[in-house]
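S.K.:
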Amino acid sequence: MSYSTRILTALKEKNPSQNEFHQAVEEVLISLAPLFDKEKKYEKHAILERIVIPERQVIFRVPWVDDSGKICVNYGYRVQFNTAIGPYKGGLRFHPSVNLGVIKFLGFEQILKNSLTTLAMGGGKGGSDFDPKGKSDNEVMRFCQSFMNELYRHIGAHTDVPAGDIGVGGREIGYLFGQYKKLTNRFDGVLTGKGLNWGGSLVRPEATGYGCVYFAQEMLKERGESLEGKVCTISGAGNVAIYTIEKLYQVGALPVTASDSKGMIYDKEGIDVALLKEIKEVKRESLESYAKIKKSAQYTPVSAYEEGCNGVWAIPCFAALPSATQNELSQKDAKILLQNGCKCVSEGANMPSTNEAIELFLQAKICYGPGKAANAGGVAVSGLEMAQNASMNPWSFEVVDSHLHRIMESIFANASATAKEFGDPTNLVLGANIAGFRKVADAMIDQGVV
């Protein structure tokens, strides 16, 4: 039994029912096999045995009172996975689907993603099964304050720096930071994604979406292609999707879809970014409202999707940019995309494609950018926000965006060079995983058995 297989088998036995975590680890360990054949030191130092177990995981209750006076209770999580190359860094996700397995998958992915950025950040993740949808501002505030009443004990500017994720935007970060400041009597860079008036960074809201498009450009450039004039399909309607769409227009592409938990829109004239922002960021309404206003748009509810498929991926496109959530692109979806001539998939979400879908993309040798590389722009700018906080010197939009662009170019170059080193030049999954892992693993060896 190979080193990777042995560790994966033991992991599944000791962590039953954590399917997303198993999936994330399996995807990485399979692609690391050539590295372990070449370098025996990682098995000698038991790196896999250590890297798949968090350094610390905290689970706590979050009691809060809704507007009717009812006492509500949610789970809170913070999984601090690895600090070999820097303090824990990773978002907070507030969504009903959140459980320990989901947080562990996200935290494990974050280790390698943060490593690829070249910034000094370790891997961590957190969140709650609280659903901010349909809650008043006061209810969200009370929940965030209760959540921080426990979380503040475990975080710090040089210890663990959370950020936003699904369900955690500027409003939630504001409430969380305010309570942290009250509890600790400190004003420091303990959270990223802050408001611009109190320590936030320009480009942070745009970073994941912009970075995903920059990564797609790099993949295509190597093959003499570009996004200019090309039809693109995007899933999601949150922060990542909105700014992916915005950047696609800036590079001359035509983004034609968006989706939420209730359905999708297909607008053959191109998604109206201003209208999408109004509906999702201001009114917080379903995308069905978009189709009622924009007559060129066709709305399809989830109930009308073909079984086992996401309706977004049935629209013919040159490039697909999954920007919603994990496992939103199945093997069946991948087959449809390839049959319709899709040449590029750049992942804005975390682990949006199933392992079976990934295998089809790799076999077809299209441009495929895995999430830990393609969506690293968000955490990269979070790292840049930390640098600005430490220096007390805010940077202009142009400066931050240029840093982001260079980081995404560097991530692609590193992943591509590593893939070529191991004899599989189009396999950026292999390249990104090995490149990210080697940096962390070598640091762990240097620091001893801790």
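Here my numbering is used: the first residue of the sequence shown is 58, the next is one more, and so on. Beta carbons are placed, not taken as given, at the ideal position from N, Cα and C, and that holds for glycine.
Express the C-alpha separation of residue 182 and residue 160 in angstroms, rounding to a whole number.
M.R.: So the two alpha carbons sit approximately 6 Å from each other.
S.K.: By Cβ distance, which residues of its chain are closer than 7 Å to residue 100, with the 5 residues on each side in sequence left out?
M.R.: Closer than 7 Å at Cβ, skipping near neighbours: 60, 93.
S.K.: Specify, as a first and last residue, the run of the beta strand (DSSP E) that residue 321 falls within.
M.R.: That run of the beta strand (DSSP E) goes 320 to 324.
S.K.: If contact is defined by three or more beta carbon pairs under 8 Å, each pair taking one atom from either stretch, is the segment 280 to 295 in contact with the segment 252 to 264?
M.R.: Not touching, per the Cβ criterion.
S.K.: Could you tell me the distance, in whole angstroms, from the CA atom of residue 127 to the CA atom of residue 215?
M.R.: Taking the straight line joining both Cα atoms gives about 37 Å.
S.K.: Got a sec? Which residues, its chain only, sit under 7 Å from residue 81 by beta carbon, not counting five neighbours each side?
M.R.: 162, 165, 166, 408, listed in sequence order.
S.K.: Excluding the 5 residues flanking residue 356 on each side, which residues of the same chain have their C-beta closer than 7 Å to its C-beta?
M.R.: Closer than 7 Å at the Cβ level, and outside the excluded window around residue 356, lie 320, 322, 344, 345, 348.
S.K.: Check for me: the alpha helix (DSSP H) holding residue 463 runs from which residue to which?
M.R.: 454 to 478 is the extent of the alpha helix (DSSP H) around residue 463.
S.K.: Quick check on residue 124: does DSSP put it in helix, strand or coil?
M.R.: Three-state DSSP puts residue 124 in coil, outside helix and strand.
S.K.: Could I get the ranges of all uninterrupted beta strand (DSSP E) runs contained in the segment 139 to 163, with 3 residues as the minimum, in chain order?
M.R.: The segment 139 to 163 contains these whole beta strand (DSSP E) runs: 145 to 151.
S.K.: Do you know how far the Cα of residue 273 is from the Cα of residue 245?
M.R.: Computed Cα separation, rounded: 35 Å.
S.K.: In whole angstroms, what separates the C-alpha of residue 139 from that of residue 324?
M.R.: Answer to the nearest angstrom: the Cα atoms are 43 Å apart.
S.K.: Ends of the alpha helix (DSSP H) at residue 269?
M.R.: That run of the alpha helix (DSSP H) goes 264 to 279.
S.K.: Just to confirm the assignment: which complete alpha helix (DSSP H) runs, minimum length 4, are found wholly within the segment 161 to 229?
M.R.: For the segment 161 to 229, whole alpha helix (DSSP H) runs of length 4 or above, ordered along the chain, are 194 to 208.
S.K.: With a CB to CB cut of under 6 Å and the five nearest residues on each side skipped, what residues in its chain are close to residue 389?
M.R.: Within the same chain, residue 389 has close Cβ partners 365, 366.
S.K.: For residue 377, which three-state DSSP category applies?
M.R.: Residue 377: strand per DSSP, three-state reduction.
S.K.: Give me the Cβ distance between residue 152 and residue 224, rounded to the nearest whole Å; I'm assuming they're in contact under 8 Å.
M.R.: About 5 Å separates the two Cβ atoms, so the contact holds.
S.K.: Got a sec, what are the start and stop residues for the beta strand (DSSP E) residue 315 sits in?
M.R.: Taken as a continuous stretch (DSSP letters only), the beta strand (DSSP E) holding residue 315 covers 314 to 316.
S.K.: Closest to residue 425 by CA distance: which of 410, 115, 198, 479 is it?
M.R.: For residue 425, the nearest C-alpha among the options comes from 410.
S.K.: Cβ atoms of residue 155 and residue 212: under 8 Å apart, would you say?
M.R.: No. Outside cutoff.
S.K.: Under three-state DSSP, which class holds residue 118?
M.R.: Three-state result, residue 118: strand.
S.K.: Counting Cβ pairs, one atom from each stretch, are 3 or more of them under 8 Å apart for the segment 197 to 205 and the segment 103 to 114?
M.R.: Segments in contact, no.
S.K.: Pop quiz: residue 493 and residue 169 are said to be a contact at Cβ under 8 Å. What is the actual Cβ separation, rounded to whole angstroms?
M.R.: 3 Å between Cβ atoms; contact.
S.K.: Going by other Cβ atoms of all chains shown within 10 Å of its Cβ, with 16 needed for buried, is residue 234 buried or exposed?
M.R.: It counts as buried.
S.K.: For a minimum of 4 consecutive residues, which ranges assigned as the alpha helix (DSSP H) are wholly contained in the segment 324 to 379?
M.R.: Segments of the alpha helix (DSSP H) lying fully in the segment 324 to 379: 330 to 334, 345 to 350.
S.K.: Contact check, residue 406 vs residue 293 under 8 Å by CB: the rounded distance?
M.R.: Indeed, because the Cβ distance is near 7 Å, the residues count as touching under 8 Å.
S.K.: Is it the case that the Cβ atoms of residue 461 and residue 428 are separated by a distance below 8 Å?
M.R.: Taking 8 Å as the Cβ cut-off, residue 461 and residue 428 do not qualify as a contacting pair.
S.K.: Under three-state DSSP, which class holds residue 445?
M.R.: Three-state result, residue 445: helix.
S.K.: Does the separation of the CB atoms of residue 378 and residue 301 fall below 8 Å?
M.R.: Taking 8 Å as the Cβ cut-off, residue 378 and residue 301 qualify as a contacting pair.
S.K.: Under the rule that 16 or more other beta-carbon atoms within 10 Å means buried, what is residue 74, buried or exposed?
M.R.: Label assigned to residue 74: exposed.
S.K.: Under 8 Å between the Cβ atoms of residue 308 and residue 380?
M.R.: Result no, Cβ atoms of residue 308 and residue 380 do not sit closer than 8 Å.
S.K.: Can you give me the Cβ contacts of residue 177 inside the same chain, cut-off strictly under 7 Å, excluding the 5 residues immediately before and after it?
M.R.: Around residue 177: 142, 143.
S.K.: Is residue 372 closer than 8 Å to residue 337 when the C-beta atoms are compared?
M.R.: Cβ distance not < 8 Å, so residue 337 and residue 372 don't count as in contact.
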